[in-house]
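Notes to accompany the following structure.
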Amino acid sequence: MTDQDKESRMRISMLMDSDLDGRDNPRLIDTMLTDAELKATWARYNLMGDVMRSAGNGLLADMDFAARVSLAITQEPTVLAPKALRPAISARSSIVTLGLAASLALVAVIVGKSVNDHSDVFQTAANSQAGAGQVASVAPDQVDNQADSQFNDYLVMHNETAYMAGSAAMLPYVRVVGSRPNN
Amino acid sequence: MTAMVEVIDEELVRRVQKGEKKAFDLLVLKYQNRIIQLINRYVRDPHEAQDIAQETFIKAYRAMASFRGDSAFYTWIYRIAINTAKNHIAARSRRPTDDEIEMEVAEQFEGENSLRDQETPEGILLSEELGRTIQLALDELPGELRTAITLREMDGLSYDEIAEVMECPVGTVRSRIFRAREAIDKKIKSLTG
Chain Y
22 MTDQDKESRM RISMLMDSDL DGRDNPRLID TMLTDAELKA TWARYNLMGD
72 VMRSAGNGLL ADMDFAARVS LAITQEPTVL APKALRPAIS ARSSIVTLGL
122 AASLALVAVI VGKSVNDHSD VFQTAANSQA GAGQVASVAP DQVDNQADSQ
172 FNDYLVMHNE TAYMAGSAAM LPYVRVVGSR PNN
Chain D
9 MTAMVEVIDE ELVRRVQKGE KKAFDLLVLK YQNRIIQLIN RYVRDPHEAQ
59 DIAQETFIKA YRAMASFRGD SAFYTWIYRI AINTAKNHIA ARSRRPTDDE
109 IEMEVAEQFE GENSLRDQET PEGILLSEEL GRTIQLALDE LPGELRTAIT
159 LREMDGLSYD EIAEVMECPV GTVRSRIFRA REAIDKKIKS LTG
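Going down the list, the sequences are from chains Y and D.
In the working numbering, each number is its position in the first sequence, counted from 1, plus 21.
In the working numbering, each number is its position in the second sequence, counted from 1, plus 8.
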């Protein structure tokens, strides 16, 4: 047995006991898969532990067992790696994410538009109140009603859009605000 | 006892899932005896236990794509083995005529020679001899080597824990376990061919 063989066998012993540095595992496994003697060493080392644990009374695999299974496996179709399934899952989740993002963008546009509209109303209301002493024909209640009406329209629209966007958690708040009686 | 992560299993499973069939061989070599012993506790028939174990490994290979590593590989394959054994027992109990025939034939044998012994394949007899040889080799080991390998294999202690028990450096434990395995290996190599 060469020093290299001895070194490899010691590393197999360590590998069995999870004592080998993880970075060395792949290389040693590659060696075991190509070197029949090292593969047999792996089998015998495992056999020792099995015999010891069963106190020599346990049933052992017959000598051809692993070879029979190996032959049967070669006739099986190669298994699909789970990683192959992951892109499909992530593609699906990407579509959902994009959908949500698009919905949120739509809500943002509507909110932005609505705020602009309201700023006109508030500006009008402010101007009206500022000149209330001069123009008695514009009643403050009328301005408030107009603003409330537009704000409620916005809330209803938001309610519908937010539901489509999946942000249902906001709905109770929207309903409360939308249905709050005028003070 | 410290639960040691079976890093080797994870690596082998990863390889099989990538399509490297040969990596499955190392998993079979590692678990074949444990699976057979487990199944034999259910079916109480060495010959049938070998067949069911073979079926277990093939089932495991086919299901490997669905194995996500949520549990350890050995837990997963033990579950497959138990289910396969139970299915065989259920199928066997649905064949009462077979059992009756077997009983009648068995009754024809007298003394210590049972039907099972007569039908035991050569491989199983060799396995029994292997078991005896390993046990003898273990008995012949120097005390410190036998203690180290026993603490590792039978009690499942880690190298650090063995070092603590035996009051020696971890490197010494590593060396003692390797030397013990090599000594036993010399005795069984000729038997395993």
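C-beta atoms are modelled at their ideal positions from N, C-alpha and C, and glycine is treated no differently.
Keep in mind the model is a prediction, meaning the values are calculated, not measured.
field: Under 9 Å from the C-beta of residue 200 (chain D): neighbouring residues of chain Y
entry: As a working note, residue 200 (chain D) is residue 192 in the second sequence. Residues of chain Y passing the Cβ test: 61, 64, 65, 68, 84.
Neighbourhood of residue 63 (chain Y) by C-beta, 7 Å cutoff - its chain only, sequence neighbours within 5 removed: To locate residue 63 (chain Y), count along the first sequence from 1; it is residue 42. Cβ neighbours of residue 63 (chain Y) beyond the five flanking positions: 33, 53.
task: Could you name the residues of chain D that residue 31 (chain Y) contacts, counting a contact when the two beta carbons are closer than 7 Å?
output: To locate residue 31 (chain Y), count along the first sequence from 1; it is residue 10. The contacting residues are 186.
Residue 157 (chain Y) in three-state terms, based on DSSP: Mapped onto the first sequence, residue 157 (chain Y) falls at position 136. In this predicted model, residue 157 (chain Y) has a pLDDT of only 46, less than 50, meaning its place in the structure is not dependable; the value taken from the coordinates is given anyway. Three-state result, residue 157 (chain Y): coil.
- prompt: Touch check for the region 39 to 58 of chain Y and the region 11 to 31 of chain D: three-plus C-beta pairs under 8 Å?
  reply: yes
field: Chain-ordered neighbours of residue 189 (chain D) on chain Y, where CB pairs are closer than 7 Å
entry: Within the second sequence, numbered from 1, the residue matching residue 189 (chain D) stands at position 181. Within 7 Å Cβ-Cβ: 34, 66, 69.
message: Quick check on DSSP: helix, strand or coil for residue 75 (chain D)?
response: As a working note, residue 75 (chain D) is residue 67 in the second sequence. Coil, per DSSP.
- request: Measure the beta-carbon distance from residue 196 (chain D) to residue 138 (chain D) and round it to whole angstroms, keeping in mind my assumption that it falls under 8 Å.
  value: To locate residue 196 (chain D), count along the second sequence from 1; it is residue 188. To locate residue 138 (chain D), count along the second sequence from 1; it is residue 130. Contact holds; Cβ gap of about 6 Å.
task: Using only alpha-carbon positions, find the residue among D:74, D:71, D:81, D:56 that is nearest to residue 95 (chain D).
output: If you number the second sequence from 1, residue 95 (chain D) lands on position 87. Closest by alpha carbon: D:56.
- request: Could you name the residues of the region 38 to 59 of chain Y whose beta carbon sits closer than 7 Å to any beta carbon of chain D, in the order they occur along the chain?
  value: 38, 39, 40, 43, 46, 47, 50, 53, 54
message: Tell me which residue opens and which closes the alpha helix (DSSP H) that residue 102 (chain D) is part of.
response: Residue mapping note: residue 102 (chain D) aligns to position 94 of the second sequence, counting from 1. Here residue 102 (chain D) belongs to no alpha helix (DSSP H), and DSSP marks it neither H nor E.
- prompt: Going along the chain, which residues of the region 19 to 41 of chain D sit with their C-beta nearer than 9 Å to a C-beta in chain Y?
  reply: 19, 20, 22, 23, 24, 25, 26, 27, 28, 29, 30, 31, 32, 33, 34, 36, 37, 38, 39, 40, 41
query: By the criterion of Cβ-Cβ separation under 9 Å, what are the contact partners of residue 171 (chain D) in chain Y?
result: The residue labelled residue 171 (chain D) in the question sits at position 163 within the second sequence. Residues of chain Y passing the Cβ test: none, with the nearest at roughly 11 Å.
message: Alpha carbons only, please: which of Y:75, Y:134, Y:55, Y:60 is nearest the one belonging to residue 48 (chain D)?
response: In the second sequence, counting from the first residue as 1, residue 48 (chain D) sits at position 40. Ranking the options by Cα distance to residue 48 (chain D), first place goes to Y:75.
field: Contact list for residue 48 (chain D) against chain Y, beta-carbon separation under 9 Å
entry: Taking the first residue of the second sequence as 1, we reach residue 48 (chain D) at position 40. Per Cβ cutoff of 9 Å: 79, 80.
field: DSSP state of residue 122 (chain D) mapped onto helix, strand, coil
entry: Taking the first residue of the second sequence as 1, we reach residue 122 (chain D) at position 114. Below a pLDDT of 50, predicted positions are generally treated as unreliable, and residue 122 (chain D), at 40, falls in that range; the measurement from the model is reported next regardless. The answer is coil: DSSP assigns residue 122 (chain D) none of H, G, I, E or B.
Alpha-carbon to alpha-carbon, residue 71 (chain D) and residue 77 (chain D): As a working mapping, residue 77 (chain D) is identified with position 69 in the second sequence. As a working mapping, residue 71 (chain D) is identified with position 63 in the second sequence. Taking the straight line from one Cα to the other gives about 12 Å.
message: Just to confirm the assignment, what range does the alpha helix (DSSP H) spanning residue 57 (chain Y) have?
response: Position 36 of the first sequence, counting from 1, holds the residue named residue 57 (chain Y). Residue 57 (chain Y) -> alpha helix (DSSP H) spans 57 to 74.
- request: Can you grab the Cα-Cα spacing for the pair residue 191 (chain D) / residue 100 (chain D), in whole Å?
  value: As a first step, residue 191 (chain D) must be located in the second sequence, where it is residue number 183. As a first step, residue 100 (chain D) must be located in the second sequence, where it is residue number 92. Rounded to the nearest angstrom, the two C-alpha atoms are 43 Å apart.
message: Counting only beta-carbon separations shorter than 7 Å, does residue 78 (chain D) have a partner in chain Y?
response: On the second sequence, residue 78 (chain D) is found 70 positions in, with the first residue counted as 1. No, no contact with chain Y.
- prompt: Taking C-alpha atoms, which residue in D:199, D:21, D:189 lies nearest to residue 80 (chain D)?
  reply: In the second sequence, counting from the first residue as 1, residue 80 (chain D) sits at position 72. If we check each option's Cα against that of residue 80 (chain D), D:21 comes out closest.
task: Report yes if the CB atom of residue 142 (chain D) is closer than 7 Å to the CB atom of residue 69 (chain Y), and no otherwise.
output: Looking up residue 142 (chain D) in the second sequence gives position 134. Looking up residue 69 (chain Y) in the first sequence gives position 48. Taking 7 Å as the Cβ cut-off, residue 142 (chain D) and residue 69 (chain Y) qualify as a contacting pair.
- request: Mark residue 87 (chain Y) as exposed unless 16 or more other C-beta atoms lie within 10 angstroms of its C-beta, in which case mark it buried.
  value: As a position in the first sequence, residue 87 (chain Y) is number 66, starting the count at 1. Label assigned to residue 87 (chain Y): buried.
query: Starting from residue 207 (chain D) and walking both ways along the alpha helix (DSSP H), at which residues does that stretch end?
result: Shown here, chain D extends from 9 to 201; a query on residue 207 (chain D) therefore has no answer.
query: Relative to chain Y, which residues along the region 145 to 161 of chain D have a C-beta separation below 8 Å, given in chain order?
result: 146, 157, 158, 160, 161
- prompt: Taking all protein chains shown into account, do 16 or more other C-beta atoms lie within 10 angstroms of the C-beta of residue 26 (chain Y), making it buried, or fewer, making it exposed?
  reply: The sequence position of residue 26 (chain Y) within the first sequence is 5, counting from 1. Exposed is the call here.
task: Grab the span of the alpha helix (DSSP H) containing residue 165 (chain D) for me, first residue to last.
output: As a first step, residue 165 (chain D) is located in the second sequence; it is residue number 157 there, counting from the start. Element bounds for residue 165 (chain D): n/a, residue is neither H nor E.
- request: Name, please, each residue of chain Y whose Cβ falls closer than 7 Å to the Cβ of residue 15 (chain D).
  value: Taking the first residue of the second sequence as 1, we reach residue 15 (chain D) at position 7. Those are 39, 43, 46, listed as they occur along chain Y.
- request: Enumerate in chain order the residues of its own chain whose CB-to-CB distance from residue 93 (chain D) is below 7 Å, with the five nearest sequence positions on each side excluded.
  value: The residue you call residue 93 (chain D) lines up with position 85 of the second sequence. The residues are 47, 50, 51, 60.
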